[in-house]
Amino acid sequence: MKRILTLDEFILQRQKDFKHASGELTALLRDIGVATKIINNAINKAGLLNILGAADQSNTSGDDVQKLDIYSNDLLIDCMKSSGQCAGIASEENEGIIPISGVHDVSSKYVMVTDPLDGSSNIDVNVSVGTIFGIYRRLSDVDGPCNVNDFLQKGTELVAAGYVLYGTSTMLVFTTGNGVNGFTLDPSIGEFCLSHPNIRIPQTGNFYSVNQGYYLKFPTGVRRFLSHCFEEKRTLRYIGSMVADVHRTLFKGGIFTYPYTSDKPGGKLRLLYECNPMSFIVEQAGGVAIDCHGNRIMEQEITELHQKTSIAIGSPDIVEEMNGFIERFKGQ
Ligand code: AHM
Ligand code: MG
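So the sequence shown is numbered by the working numbering: it starts at 3 and just counts up by one.
So, in structure tokens, the structure goes:
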């Protein structure tokens with residue numbers, strides 16, 4: 003019988019791959035795995051527990067916040083507090099950073115950025131949602147509390163990133179800069195098991211994923227690219243959960259894009275919590291991630307926690323093709 007490799011075993015085996023490994027990052031990744039298993043449990047039982055539906059709050063970007071968003075956010079923060087491996091969190095659901103202090107927390111080298119429950123508009127209708135996370139090595143002195151500059155780092159500085167897709171099965175996909183691996187949660191033993199080693203995105207693909215409803219608000223280059231996809235009879239797929247849309251793109255190939263629009267000239271998705279971690283994963287799998295001005299996502303300067311960006315991410319050939327349209331119609 004083939005031996006199953008659990009997430010914990012895999013992470014421990016790979017610890018030697020990390021430069022100056024002290025076991026801290028290993029433990030942090032493991033603790034994130036535990037937190038997302040608890041979130042998964044809550045999502046599965048959400049209807050029964052009556053915690054579905056919008057809470058009477060908005061997040062800092064003005065979107066409706068669902069109850070499960072709050073639950074997931076609180077849970078991740080609590081898990082990181084008790085983990086002792088993380089000096090602070092910046093979450094899409096909180097305006098400012100959350101420094102984590104305590105007897106053993108103060109000396110942690112790492113900080114975490116997260117969108118605890120991405121795709122919240124899908125929660126009420128039982129459609130896939132996800133958790134996104136990124137880990138940076140902090141810049142501030144480890145003897146004191148972390149500060150906001152520890153989080154305002156370019157995507158190129160990420161030491162690890164991952165997402166959990168709560169779909170037909172629950173999958174955790176992550177990278178530490180040495181390729182991308184996927185783990186499927188086996189509910190019978192409560193463990194993430196290595197199911198998709200060394201994930202590589204197809205060089206090209208037939209799927210394009212975009213909210214076509216905003217077509218008239220997109221810049222000309224994006225509109226021409228979409229018309230081209232249409233003429234080429236490519237297949238449109240759009241779930242409205244970035245994690246799920248990028249996950250499909252990673253495995254089947256193609257492109258996911260959330261362009262800027264005439265009413266959202268900076269785009270909608272957040273650079274720190276969503277776009278940088280997903281770009282790190284896709285690039286590590288051999289893909290490309292740019293904004294809709296043609297700049298690499300992971301090289302964007304970041305000046306505020308909730309900074310937004312446009313994005314086009316996926317198979318190299320298709321993203322390059324879209325970039326060609328962007329270049330040709332620049333400024334229009
Ligand atoms: P959220 O983090 O508040 O859930 O918003 C992000 C989501 C992404 O998952 C998804 O790609 C996008 O918003 C969908 O937006 P729209 O409904 O405008 O197509
Ligand atoms: Mg989100």
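Even glycine gets a Cβ: it sits at the ideal position worked out from N, Cα and C. If you're wondering where the values come from, they're calculated on a predicted model, not measured in any experiment.
- Taking the Cβ atoms as the reference, residue 282 lies roughly 5 Å from residue 160, within the contact range of under 8 Å.
- With 16 or more neighbouring CB atoms inside 10 Å of its own CB, residue 278 falls in the buried class.
- The C-alpha of residue 16 is placed about 46 Å away from the C-alpha of residue 333.
- Look at residue 248 here: in three-state DSSP terms it is helix.
- The bridge partners DSSP lists for residue 166 are 133 and 174.
- A Cβ-Cβ contact shorter than 8 Å links residue 150 with residue 99.
- Within the same chain, 324 and 327 come within 6 Å of residue 227 by CB-CB distance, once the 5 residues on both sides are set aside.
- With a threshold of 7 Å, the Cβ atom of residue 74 does not count as near the ligand AHM, since no heavy atom of the ligand is closer than that.
- Nearest Cα to residue 178 within the set 158, 169 and 188: 158.
- No Cβ-Cβ contact shorter than 8 Å links residue 127 with residue 90.
- In this structure, DSSP gives residue 153 a state outside helix and strand, which the three-state scheme calls coil.
- Residue burial annotation: residue 271 is buried, with at least 16 other C-beta atoms found within 10 angstroms of its C-beta.
- Annotation: the continuous alpha helix (DSSP H) that includes residue 81 extends over 69 to 85.
- The stretch 163 to 174 makes contact with the stretch 125 to 141, as at least three CB pairs between them are under 8 Å.
- According to DSSP, residue pairing for residue 218 in a beta bridge does not occur.
- Straight across, the Cα-Cα distance linking residue 141 with residue 304 is about 15 Å.
- Beta-bridge annotation (DSSP): residue 38 is not paired with any residue.
- Around the Cβ of residue 25, a 10 Å sphere holds fewer than 16 other Cβ atoms; the residue is exposed.
- Of all C-beta pairs linking the stretch 200 to 217 to the stretch 280 to 299, three or more are shorter than 8 Å, placing the two stretches in contact.
- Within the same chain, Cβ atoms closer than 8 Å to the Cβ of residue 285 are found at 291 and 300, the five residues on either side in sequence being excluded.
- When secondary structure is reduced to three states using DSSP, residue 10 falls in the helix class.
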